[in-house]
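Protein chains in written order, with my numbering: chain A, 492 to 703; chain B, 8 to 685.
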């Protein structure tokens, strides 16, 4: 058996009965749906922070997509300058620049795993499985970096000490209550992870006996 | 065996996923439900309310009035009322039913809070459009009378507001996106107006009727030549809705006899295209009480009848389009002779010295209030058309055809003493102010409105006393084709004993009446002191028709062009440029600093200063002043303002933000350093 054949693993037998056909198709469907969810998630918000204060009755919010931020960014930047926080646009510039291509690549790898019926499929799908966790870790890194590196000459530096804003849940900064929530894009990415894991599991179930 | 068992499992897996999702949705839904259920019930607390009422001496009617008008924090009013500011030269914006003043719109008179006329170039340019005093200075005083909301199909559309200045015959245009005045036009042929502003049903024209006759074109003629040389007028200002401006080049006037034209109204529905104006002093009294002549007040009140002026606007437009006009001060004026010959002007006798003429919502009738006659006289538009078609041989002194009163009159309703102005509701009632009786009369209309209530047509239903000397009244959308009823504001000239004494000059008293009932149910439910000029007319519009901007649409906005100023200073582009002795300062403002904070110039420099408020937050307005220069501007979020001055004195001048914008507002300042070297 060539190395390539070992890598792609066995093909589904042509004359399987209906139950077997389902067993072979199921992992493809799960992985395919996961790829679509990941693709769709690129155009949806992943994370949102809402700030509540008495003088902003409808709140201020920023929504983070994989490649951009929307919402009251300018207003939040304007407020942040009082505590010496750098403008949000300066965070994760590299990540935002490459993210669309990177996620698209993850999607292609997941689709490739549909055709690879060996344990290598897991390796191909691994980046997509890690993706939402990488996103959260990167968010946390930047939140921590921005929160802990406040300009010590800022007007309110004596009253607002460096802090790490919560990545999920609520916190207080000055008169602002901050509420951070995961958004639909991130949930879709998590759902994709679940589908990928399930897909890989059923793929092994279907093909392992053939390889033996 | 394993192989055959597995296909069932994935569906189990998906089912579990779906179930989990369902549980999550249910949990969220139940939480919302729980929050709604957690709202406390409205407490009865009847005894407490009674105790409070007793302690304050309030009657059950007072409590009902309070409940009808009290507007708790955060609740918005149902209507905007736009009231003229009288001698203040401004317009007031009042919320109904709370009767809270929401804004004073600077129109003809400098107003420091809005930075109107205190150095800002755009506002100075608007004021300059309004003409000059005899000393060559901008006119900064006005007697605002009659606001008119723009209309589409005879209904308020909430886009623009117009208002006239009786003292100097001017009309202003206010944009209701930012509630700021955009244009002032000064009548080019005469000095006094009263019958304005009234719009045609699609706001194609803004009507400005005159008041005191004088030689047109501002010339001199002895009062002995009154009949020969003095003239009245009506001006039709063409409104360009897309530009948001009056198009003076498409506007024209009609010369009228030297009667004193009074209030006007536009026809609507079947009477669209016709304009009606009252008149007084058809006696052509010229006063001179000091010479032993009858004073104007009696000289102008001798005849039993004055003339309702009826204009065929479509014919007038055609005559104007055909170039059949004279130029007075380069402004096209259709002569009285042409107006008569072309049949675009007719007179209908009306009981002497009436005040308001108001067209009913269905456009079928013109209601003329008697002022010196206890009746309102209702003319029928159909009968008017028939009378015009039949023709008449009778004319006034100037050859204007005078139709037969009885042929045009539909009904007269005796209301009481001093009827002035009439508005309408949605239930077939008309409401007329009675100045001498100090009351509001409710009476039933005839014609198509007759079936809307059970009262017989053309009948007085009830009167509610008001305090005191009511002038205009205004009902919700009450002069449109589709009145709302519900509220009526009595604009009382005298307050007398209604408020705490504040010296000999008393505030006006705006009284809110609940007219949602029928029959005799028409109580006063609020008294509002308005201590800033004597408003005349007001219009009331449903709040949801106005789409006011929260902040200017883009940063660098020039409200005077309603577009981005290409030279607006933006963040990161702040600078000071010098060209010879002219210095341009490009500044931005954001909480809590100006950039730059040091402006170093030389004595003798001419300084042009531009500031952009780069804020996007609702209410994040900054002010700006330079002491000793009488400069003050208001810079609303997104707005760019400009002002200029000559730095005549050397020294150090601290400029600062005048609007408490933030916790570090006091620190929002800078130094203008004017060095003595020239």
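Note that beta-carbon positions come from the ideal geometry of N, C-alpha and C, so glycine has one too.
Item: Which runs of the beta strand (DSSP E) at least 3 residues long sit entirely within the region 573-623 of chain A? Give them in chain order.; Value: none
Item: Which residues in the same chain have their Cβ closer than 6 Å to the Cβ of residue 598 of chain A, if we skip the five residues on either side of it in sequence?; Value: 526, 529 and 530
Item: Per DSSP, residue 216 of chain B forms a beta bridge with which residues?; Value: B/202 and B/241
Item: Spatial neighbours of residue 663 of chain B within its chain, please: CB distance less than 7 Å, with the 5 preceding and 5 following residues excluded, ordered by chain position.; Value: 632, 675 and 676
Item: How many angstroms separate the CA atom of residue 548 of chain B from the CA atom of residue 88 of chain B?; Value: 6 Å
Item: Could you tell me whether the Cβ of residue 597 of chain B comes closer than 8 Å to any Cβ of chain A?; Value: yes
Item: Whose Cβ in chain B lies nearer than 7 Å to the Cβ of residue 623 of chain A?; Value: What residue 623 of chain A touches in chain B: nothing, since even the nearest Cβ is about 17 Å away.
Item: Does the region 574-581 of chain B come close enough to the region 509-520 of chain B that 3 or more CB-CB pairs lie under 8 Å?; Value: no
Item: With H, G and I counted as helix, E and B as strand and the rest as coil, what does DSSP make of residue 187 of chain B?; Value: strand
Item: Could you check the C-alpha separation between residue 625 of chain B and residue 583 of chain A for me, to the nearest Å?; Value: 29 Å
Item: With a threshold of 8 Å between beta carbons, is residue 555 of chain B in contact with chain A?; Value: no
Item: Between residue 580 of chain A and chain B, is any beta-carbon pair separated by less than 8 Å?; Value: no
Item: Provide the residue span of the beta strand (DSSP E) that contains residue 107 of chain B, from first to last.; Value: 107-112
Item: Just verifying my parser: in three-state terms, what is the DSSP assignment at residue 44 of chain B?; Value: With a pLDDT of 46 at residue 44 of chain B, under the threshold of 50, the predicted position of this residue should be treated as unreliable, though the coordinate-derived value follows. Residue state, collapsed to three classes: helix.
Item: Near residue 425 of chain B, which residues of its chain fall below 7 Å by C-beta distance, leaving aside the five closest residues on each side in sequence?; Value: 378, 441, 442, 443 and 444
Item: Let me check understanding here. Comparing Cα to Cα, which of B/533, B/140, B/527 and B/418 lies closest to residue 70 of chain B?; Value: B/533
Item: Among B/460, B/454, B/430 and B/476, which has the Cα closest to the Cα of residue 489 of chain B?; Value: B/430
Item: Based on the DSSP secondary-structure assignment, which residues constitute the bridge partners of residue 333 of chain B?; Value: B/340
Item: Specify the secondary structure class of residue 192 of chain B as computed by DSSP and reduced to three states.; Value: strand
Item: DSSP three-state label for residue 275 of chain B, please.; Value: coil
Item: Suppose you measure from the CA of residue 264 of chain B to the CA of residue 342 of chain B; what does that come to, to the nearest Å?; Value: 10 Å
Item: Taking 8 Å as the limit between beta carbons, can you name the residues of its chain near residue 354 of chain B, skipping five residues before and five after?; Value: 314, 315, 316, 317, 403, 407, 408, 409 and 410
Item: With a 10 Å radius around its C-beta and 16 neighbouring C-beta atoms as the bar for buried, classify residue 612 of chain A as buried or exposed.; Value: buried
Item: Who are the near neighbours of residue 658 of chain B in its chain, counting only those whose CB is closer than 7 Å to its CB and skipping five residues on each side?; Value: 681
Item: For a cutoff of 8 Å on Cβ pairs, would you count residue 427 of chain B as touching chain A?; Value: no
Item: Run through DSSP, which three-state label would residue 539 of chain A get?; Value: strand
Item: Measure the Cβ-Cβ separation of residue 217 of chain B and residue 150 of chain B and say whether it is below 8 Å.; Value: no
Item: Drop a sphere of 10 angstroms on the beta-carbon of residue 41 of chain B, count the other beta-carbons inside from all chains shown, and report buried for 16 or more, exposed for fewer.; Value: Bear in mind that the predicted position of residue 41 of chain B carries a pLDDT of just 45, short of 50, making it unreliable; the figure below should be weighed with that in mind. Looking at its Cβ environment, which holds fewer than 16 other Cβ atoms inside 10 Å, residue 41 of chain B is exposed.
Item: Please report the residue range of the beta strand (DSSP E) in which residue 492 of chain B lies.; Value: 492-499
Item: What beta strand (DSSP E) runs, 3 residues minimum, are completely inside the region 464-490 of chain B?; Value: 466-472 and 477-483
Item: Ignoring anything shorter than 4 residues or poking outside the region 58-136 of chain B, list the alpha helix (DSSP H) runs there in chain order.; Value: 67-76 and 128-136
Item: Going by alpha carbons, who is nearest to residue 494 of chain B out of B/91, B/436 and B/596?; Value: B/436
Item: Have a look at residue 91 of chain B and residue 544 of chain B and give me their C-alpha separation to the nearest angstrom.; Value: 6 Å
Item: Any C-beta of chain A sitting closer than 8 Å to the C-beta of residue 11 of chain B?; Value: The pLDDT assigned to residue 11 of chain B is 43, lower than 50, so where the model puts this residue is not dependable, and the model offers no usable value.
Item: For residue 609 of chain B, which residues does DSSP report across the bridge?; Value: B/682
Item: Once DSSP output is grouped into helix, strand and coil, what is the label at residue 431 of chain B?; Value: strand
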